[in-house]
Structures are given as structure tokens and as C-alpha cells.
Amino acid sequence: MPDIIIIALGKIKEKYWIAAAEEYLKRLRPYARVRIVELTPEPFNKSSASIAKQKEADKINKVLEKYSDATVFLMDERGSEMTSLEFSEQLDKNSQPLVFVIGGSLGLAPELLNKYRKISLSKLTFLHEAARVILLEQIYRGITIIKGKDYHH
Numbered sequence: 624m625p626d627i628i629i630i631a632l633g634k635i636k637e638k639y640w641i642a643a644a645e646e647y648l649k650r651l652r653p654y655a656r657v658r659i660v661e662l663t664p665e666p667f668n669k670s671s672a673s674i675a676k677q678k679e680a681d682k683i684n685k686v687l688e689k690y691s692d693a694t695v696f697l698m699d700e701r702g703s704e705m706t707s708l709e710f711s712e713q714l715d716k717n718s719q720p721l722v723f724v725i726g727g728s729l730g731l732a733p734e735l736l737n738k739y740r741k742i743s744l745s746k747l748t749f750l751h752e753a754a755r756v757i758l759l760e761q762i763y764r765g766i767t768i769i770k771g772k773d774y775h776h
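Okay, so the sequence shown: first residue is 624 according to the numbering used here, each after it adds one.
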């Protein structure tokens with residue numbers, strides 16, 4: 624059973640996003656141990672955006688230190704695009720924990736982007752609540768592909 628950690632800046636606030644995320648977490652329980660680590664985004668304005676982004680990177684790095692044996696994927700619109708089958712292969716080939724990082728409204732700091740593999744859910748930009756639900760659904764889809772379940776057609 625794989626260990627999957629999702630690091631996300633910000634909490635899900637809307638009830639419909641919470642319900643969707645909880646549904647995929649429930650569906651994943653028989654197949655994976657999924658842990659969500661929510662970090663508080665930094666307040667910012669135009670003049671403090673780069674400082675806020677660095678503070679958020681520091682928070683992310685502090686969590687990543689706990690998972691030094693993990694494979695880390697940054698969710699980034701400029702990352703590699705994959706089909707669901709290709710994504711399932713990424714899930715299947717890793718025996719160590721998998722960490723997915725979803726940035727906040729400022730995106731991720733260059734130090735993170737230069738260090739870890741970037742994958743994209745789409746060339747479109749999603750609000751972080753939607754990105755988290757889409758990521759959870761794709762993890763579920765990927766695992767059902769691996770397990771040969773009747774979900775992906």
C-alpha cells in the first residue's frame with residue numbers, strides 16, 4: 624500500500640470542494656495511505672510577493688525534510704503533461720512514498736522548481752481547491768488502472 628502525501632498551501636473552504644476531496648480520499652483508503660498536509664499561505668501585496676513566496680518555500684522544505692526518502696512531484700502548469708496511463712506508471716514504479724506539492728496563489732519558488740520534478744494537471748491554471756480534487760481523482764484513477772479495476776475506460 625503506497626504512502627502518498629499531498630502538501631498544499633491553503634485549506635479547502637467551499638463545502639462542495641471539501642465533499643469532493645473527501646469522496647476521493649474515501650475511495651483511496653483501500654489502496655493507499657493518503658495524508659494531506661495543509662500549510663498556511665503567506666499574506667502578500669505586490670511589493671512583498673517574492674518574500675511571501677520564499678516563506679512558503681521554507682514551510683514546504685521543512686515538511687519535505689521529513690520525507691527525504693520520497694519521490695517529490697511539484698504541481699506546476701509548466702510541468703510535464705501525462706495521460707492517466709502514464710501517470711499510473713509513475714505511481715506504480717515508485718516503491719518509496721510519493722509527495723505531491725500544490726502551491727498557493729503565488730506558485731512555487733524557483734528553488735523548489737529547480738530541485739524537483741514538475742508535473743502538470745493541465746496547461747490551464749486551477750484554483751488550489753480544484754487542483755487538489757483533480758489530483759486526488761487522478762491518483763485514484765491511476766491506482767485503479769494499476770489494480771485493473773473498472774474505472775478508467
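Each residue gets a CB set at the ideal place from its N, CA and C atoms; glycine is no exception. All values reported here derive from a predicted model rather than from experimental measurement.
Buried versus exposed, by CB contacts within 10 Å (16 or more), Arg740
Taking the first residue of the sequence shown as 1, we reach residue 740 at position 117. Within 10 angstroms of the beta-carbon of Arg740 lie fewer than 16 other beta-carbons, which makes it exposed.
Among the residues of its own chain, which have a CB less than 8 Å from the CB of Lys770, if the five just before and after it don't count?
By 1-based counting over the sequence shown, the position of residue 770 is 147. Excluding positions up to five away in sequence, the list reads Tyr654.
Exposed or buried, what is Leu665 when buried is set at 16 or more other beta-carbons lying within 10 Å of its beta-carbon?
In the sequence shown, counting from the first residue as 1, residue 665 sits at position 42. Leu is not the amino acid found at residue 665; the sequence shown has Glu there. Glu665 is buried by the Cβ-count criterion.
In this structure, how does DSSP classify Thr767 when only helix, strand and coil are distinguished?
Sequence index remark: in the sequence shown, residue 767 carries index 144 (1-based). Residue state, collapsed to three classes: helix.
Is it buried or exposed, Asp692, if we count other Cβ atoms within 10 angstroms and call 16 or more buried?
Sequence index remark: in the sequence shown, residue 692 carries index 69 (1-based). Exposed, by the Cβ-count rule.
Using only the alpha-carbon positions, how far apart do Arg656 and Glu760 sit?
As a position in the sequence shown, residue 656 is number 33, starting the count at 1. As a position in the sequence shown, residue 760 is number 137, starting the count at 1. Each residue's alpha carbon lies about 15 Å from the other.
Run of the alpha helix (DSSP H) containing Glu734, from where it starts to where it stops
Counting from 1 along the sequence shown, the entry for residue 734 is found at position 111. Pro733 to Leu736 is the extent of the alpha helix (DSSP H) around Glu734.
According to DSSP, what are the bridge partners of Phe710?
On the sequence shown, position 87 is the one that residue 710 refers to. According to DSSP, Phe710 bridges with nothing at all.
I'd like the list of long-range same chain contacts for Ile659, defined as Cβ closer than 7 Å, with 5 residues on each side in sequence excluded.
Position 36 of the sequence shown, counting from 1, holds the residue named residue 659. The residues are Ile629 and Ala631.
May I have the straight-line CA-CA distance separating Met698 from Glu646, to the nearest angstrom?
As a first step, residue 698 is located in the sequence shown; it is residue number 75 there, counting from the start. As a first step, residue 646 is located in the sequence shown; it is residue number 23 there, counting from the start. Separation of Met698 and Glu646 (C-alpha to C-alpha, rounded to the nearest whole angstrom) is 21 Å.
Within the same chain, show all residues whose beta-carbon is closer than 6 Å to that of Gly633, passing over the 5 residues directly before and after it, in chain order.
Translated into positions along the sequence shown, residue 633 becomes position 10. Excluding residues within five positions, the ones whose Cβ falls inside 6 Å are Pro664, Gly727 and His751.
Based on the DSSP output, what are the partners of Ala631 in its beta bridges?
Sequence index remark: in the sequence shown, residue 631 carries index 8 (1-based). Beta bridge pairing from DSSP links Ala631 with Glu661 and Ile725.
Lys738 versus Asn717: straight-line alpha-carbon distance, rounded:
Translated into positions along the sequence shown, residue 738 becomes position 115. Translated into positions along the sequence shown, residue 717 becomes position 94. Those two C-alpha atoms are separated by around 18 Å.
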